[in-house]
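If you use the working numbering, the sequence shown corresponds to residues 21 to 118, in order.
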Amino acid sequence: MIKMLDEISRYSNMQVYTNQGVQLGTVENVVLDVTNSKVDALYISGTNPILVEDGVNLNVPYRWIQAVGDIILLKYFPAKVALKKETEEKPEEKAEEE
């Protein structure tokens, strides 16, 4: 448990970069899997709007991390993260209104 706490405090405010060297954002929090006593994801804030639509905060799965040193380097990150758009009304709902 002590090891996990050390790991959590180490990640706080670290800069996160993609494997292409583009800054993604800053670690704001750590998401834990308490059952298995491991880090599940990193909550990233201040994200780069080039990579993340509207620069929204997001969770990055821990399995995407390649290396941790002075910065966190990801081995994977999608080309662009888009927000889910609200879907239009379903055809059944439109028919009920008529």
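All C-beta atoms in this analysis are idealised placements derived from N, C-alpha and C, irrespective of residue type, glycine included. Here the structure is a predicted model, which is why all the values come from computation and not from measurement.
Per-residue DSSP class, three states only, for SER29: Position 9 of the sequence shown, counting from 1, holds the residue named residue 29. DSSP places SER29 in helix when its eight states are reduced to three.
Would GLN86 pass as a contact of ASN39 if the rule is Cβ separation under 8 Å? Residue 86 sits at position 66 when you count from the first residue of the sequence shown. Residue 39 sits at position 19 when you count from the first residue of the sequence shown. It is a contact, given that the beta carbons lie within the stated cut-off.
Could you give the first and the last residue of the continuous beta strand (DSSP E) run that contains LYS58? Indexing the sequence shown from 1 puts residue 58 at position 38. Membership of LYS58 in the beta strand (DSSP E) is indicated by the continuous run 58-65.
Would you identify the three-state DSSP class for LYS114, choosing helix, strand or coil? As a working note, residue 114 is residue 94 in the sequence shown. Its pLDDT being 49, under 50, LYS114 is placed unreliably in this model, and the coordinates cannot settle the point.
Work out the CA separation of GLU73 and VAL42 for me, nearest whole Å. Here residue 42 refers to the residue found at position 22 when the sequence shown is read from its first residue. Here residue 73 refers to the residue found at position 53 when the sequence shown is read from its first residue. Taking the straight line from one Cα to the other gives about 15 Å.
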